[in-house]
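Undergrad:
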């Protein structure tokens with residue numbers, strides 16, 4: 001069993017120290033810059049009710065919340081049938097990691113991000129710190145270990161996420177009425193510690209603070225996770241930005257980075273809400289992105305559905321076209337796209353998820369050279385429409401036009417990617433590709449060739465001081481079109 005003493009030994013061994021000055025010298029792994037597209041997986045006990053969202057474990061104990069009423073109607077009152085009683089129903093009896101990875105590879109994903117532990121506190125991996133894990137309960141399988149083994153067989157980068165920090169308060173509302181959560185929650189309970197929920201989830205000093213016992217437990221669990229499963233990236237959800245986590249977070253990062261350095265591995269942490277000083281990890285933008293190209297590594301994490309990260313019976317799915325537009329926009333601005341799916345409780349991936357991932361993979365099979373290993377150009381875009389900037393900005397699909405383009409570069413080629421083909425024959429101008437020796441704007445070079453990837457027909461085009469003029473043929477496909485420019 002991992003101990004605080006063992007953690008301290010690794011921390012003291014170096015080369016990283018538990019200080020922001022030292023930790024800021026960790027660099028992003030080289031492969032991340034090239035990979036561009038990964039798969040996130042929210043799957044756990046919350047997949048059993050398949051209602052509301054992955055926050056079911058909290059919301060079922062809030063009177064007046066739809067999950068509260070749904071639980072009473074379908075499982076019984078919270079005193080006789082609590083969240084813990086859903087665990088035996090989480091059988092995963094049809095879980096086949098090989099078929100999952102077949103699908104992810106077909107989708108064109110380069111890395112994998114299964115959730116290790118969500119806010120409910122149920123670990124999807126073998127642990128000596130709690131019996132509430134997938135090897136000892138529910139599926140009675142090491143879910144994370146099996147996915148890691150299958151990913152590494154195929155050369156996909158294995159990563160994982162921890163959402164444990166929010167567990168501090170996730171079951172606290174069960175104390176507000178008669179439920180299976182007692183006023184004094186024992187240490188060995190799934191529900192522990194059920195401390196009062198802060199009023200403001202984004203206040204760095206919000207009271208009450210987590211207890212020292214919980215913070216030490218968080219450190220032990222997170223170190224055990226990276227020691228035993230060696231993820232190349234670790235993603236943290238938002239609550240670690242609270243100031244109470246700072247010394248424990250620095251200790252963890254020193255442990256994780258030192259452990260990797262001893263084994264000659266390159267690792268990094270994905271973080272939100274400025275939980276780490278700038279330059280210490282990969283910046284996460286949950287359900288959102290940036291308006292302009294960024295010089296630092298960042299990632300948009302979003303879900304295949306608008307209304308939940310886990311599987312529910314009423315998912316509001318996005319289209320593959322919208323998700324490809326997300327991918328193109330993000331990559332043009334130097335980011336990666338981490339796309340989430342939610343398997344069912346039995347371990348099957350919903351058919352609509354499969355269809356969308358397959359459509360993404362079909363597009364990448366033709367156009368992937370403009371995405372993988374690409375780098376941003378001097379400008380990211382042409383056209384009248386910009387994606388919404390900031391986190392939680394993808395509530396509605398952006399209304400792109402046929403004039404909206406994004407740019408990437410690779411191997412000396414410039415790629416102009418049309419986000420929303422009209423389907424009609426039309427002439428479009430890309431002003432950023434204007435050529436004028438007297439008044440050079442962006443491009444001080446003559447374009448020699450324009451090709452439409454996936455098509456053999458020759459294109460009519462011209463370049464002058466107002467831009468690159470494309471005579472575009474009609475097309476039946478509604479997904480982004482990629483033009484490769486040679487100089």
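In UniProt numbering, the protein residues as written are 1 to 487. Ideal placement from N, C-alpha and C gives every residue a C-beta, glycine not left out. All figures in this text were calculated on a predicted structure; none of them were measured in a lab.
#1: Helix, strand or coil: how does DSSP classify residue 409 here?
#2: Does the distance from the CB of residue 317 to the CB of residue 304 come in under 9 angstroms?
#3: Could you name the residues of the same chain whose beta carbon sits closer than 7 angstroms to that of residue 403, not counting the 5 residues immediately before and after it, in chain order?
#4: Determine, using beta-carbon pairs with one atom in the region 13-27 and one in the region 150-164, whether at least three such pairs fall under 8 angstroms.
#5: When you compare the region 66-78 with the region 336-354, are there three or more beta-carbon pairs, one atom per stretch, that lie closer than 8 angstroms?
#6: Quick check on the burial criterion: 16 or more other C-beta atoms within 10 angstroms. Buried or exposed for residue 60?
#7: Within a Cβ cutoff of 8 angstroms, which residues of the same chain sit near residue 243, ignoring the five residues on either side of it in sequence?
#8: Assess, as a yes-or-no matter, whether the region 292-301 is touched by the region 328-336 under the definition of 3 or more beta carbon pairs within less than 8 angstroms.
#9: Measure the alpha-carbon distance for residue 322 versus residue 42 and round it to whole angstroms.
#10: At the level of alpha carbons, what is the spacing between residue 18 and residue 144?
#11: Quick check on residue 461: buried or exposed, where buried means 16 or more other Cβ atoms within 10 Å of its Cβ?
#12: Pairs of beta-carbons, one from the region 36-51 and one from the region 84-102, closer than 8 angstroms: are there three or more?
#13: Could you tell me the distance, in whole angstroms, from the CA atom of residue 169 to the CA atom of residue 466?
#14: Could you tell me which residues DSSP puts in a beta bridge with residue 302?
#15: With distance defined between alpha-carbon atoms, name the residue in 358, 158, 312, 391 nearest to residue 284.
#16: Have a look at 111, 468, 199 and flag the residue whose alpha-carbon is nearest the alpha-carbon of residue 150.
#17: Relative to the C-alpha of residue 36, which residue among 301, 372, 464 is closest?
#18: Return the first residue and the last residue of the beta strand (DSSP E) that residue 250 is part of.
#19: Apart from the five residues on each side of it in sequence, which residues of its chain come closer than 6 angstroms, Cβ to Cβ, to residue 214?
#20: Taking 9 angstroms as the cut-off, decide whether the C-beta atoms of residue 113 and residue 39 are in contact.
#21: On the DSSP bridge list, what partners appear for residue 39?
#22: If you measure between the beta carbons of residue 339 and residue 109, is that distance less than 9 angstroms?
#23: To the nearest angstrom, how far is the alpha carbon of residue 272 from that of residue 456?
#24: Quick check on residue 478: does DSSP put it in helix, strand or coil?
#25: Closest to residue 365 by C-alpha separation, out of 106, 101, 293, would be which residue?
#26: Cutting at 6 angstroms between CB atoms, please list the residues of its own chain near residue 349, excluding the five before and the five after it.
#27: Please go through the same chain and pick out, in chain order, the residues whose beta-carbon is closer than 7 angstroms to the beta-carbon of residue 10, but skip the five residues on each side of it.
#28: Give a yes or no on whether 9 angstroms exceeds the smallest Cβ distance from residue 278 to chain D.
#29: Taking the beta strand (DSSP E) that residue 382 belongs to, which residues open and close that run?
#30: DSSP three-state label for residue 222, please.
#31: Throw me the rounded Cβ distance for the residue 487 and residue 415 pair, which I believe falls under 8 angstroms.
#32: Provide the residue span of the beta strand (DSSP E) that contains residue 467, from first to last.
#33: For residue 315, which residues from the same chain have a beta carbon less than 7 angstroms from its beta carbon, with the 5 sequence-adjacent residues on both sides left out?
#34: Which of helix, strand or coil does DSSP assign to residue 140?
#35: Measure the alpha-carbon distance for residue 161 versus residue 117 and round it to whole angstroms.
#36: Return the bridge partner residues of residue 464 from the DSSP annotation.
TA: Checking against the coordinates, here is how it stands:
#1: DSSP places residue 409 in the strand class (E or B) of the three-state scheme.
#2: Yes, Cβ-Cβ distance for residue 317 and residue 304 is below 9 angstroms.
#3: Closer than 7 angstroms at Cβ, skipping near neighbours: 383, 384, 428.
#4: Touching, no, given that fewer than three Cβ pairs across the two stretches are closer than 8 angstroms.
#5: No, the region 66-78 does not touch the region 336-354.
#6: It is buried - the Cβ of residue 60 has at least 16 other Cβ atoms within 10 Å.
#7: 204, 205, listed in sequence order.
#8: The answer is yes - the region 292-301 touches the region 328-336, with three or more Cβ pairs under 8 angstroms.
#9: Whole-angstrom Cα-Cα distance: 21 angstroms.
#10: Computed Cα separation, rounded: 28 angstroms.
#11: Counting Cβ neighbours within 10 Å, residue 461 comes out buried, since at least 16 surround it.
#12: As far as the Cβ criterion goes, the region 36-51 touches the region 84-102, which means the pair count is three or higher.
#13: For residue 169 and residue 466, the distance between alpha carbons rounds to 58 angstroms.
#14: DSSP links residue 302 through a beta bridge to 339.
#15: Among 358, 158, 312, 391, the Cα nearest to that of residue 284 belongs to 391.
#16: If we check each option's Cα against that of residue 150, 111 comes out closest.
#17: Checking every option, the nearest Cα to that of residue 36 belongs to 372.
#18: From DSSP, residue 250 is part of no beta strand (DSSP E) but of the alpha helix (DSSP H) over 246-262.
#19: Taking residue 214 as the centre and dropping the five residues before and after it, the same chain places the C-beta of 168, 193 closer than 6 angstroms to its C-beta, in chain order.
#20: The answer is yes: Cβ separation under 9 angstroms.
#21: For residue 39, which the question treats as bridged, DSSP gives the partners 112, 339.
#22: With contacts defined as CB atoms closer than 9 angstroms, residue 339 and residue 109 qualify as a contacting pair.
#23: Rounded to whole angstroms, residue 272 to residue 456 spans 44 angstroms at the Cα level.
#24: Judged by DSSP in its simplified three-state form, residue 478 adopts coil rather than helix or strand.
#25: Distances from the alpha-carbon of residue 365 to those of 106, 101, 293 put 106 closest.
#26: Result list for residue 349: 343, in chain order.
#27: The residues are 255, 258, 259.
#28: The structure shown contains no chain D; it holds only a single protein chain.
#29: Where residue 382 is concerned, the enclosing beta strand (DSSP E) stretches over 375-382.
#30: Looking at residue 222 - three-state DSSP - the assignment turns out to be helix.
#31: Separation of the CB atoms of residue 487 and residue 415 is rounded to 13 angstroms, and the pair is thereby denied contact status at 8 angstroms.
#32: Run containing residue 467: 467-472, per the beta strand (DSSP E) assignment.
#33: Cβ within range, chain order: 305, 307, 308.
#34: It is coil, neither helix nor strand.
#35: Residue 161 and residue 117: Cα-Cα distance of roughly 7 angstroms.
#36: BP columns for residue 464 point to 467.
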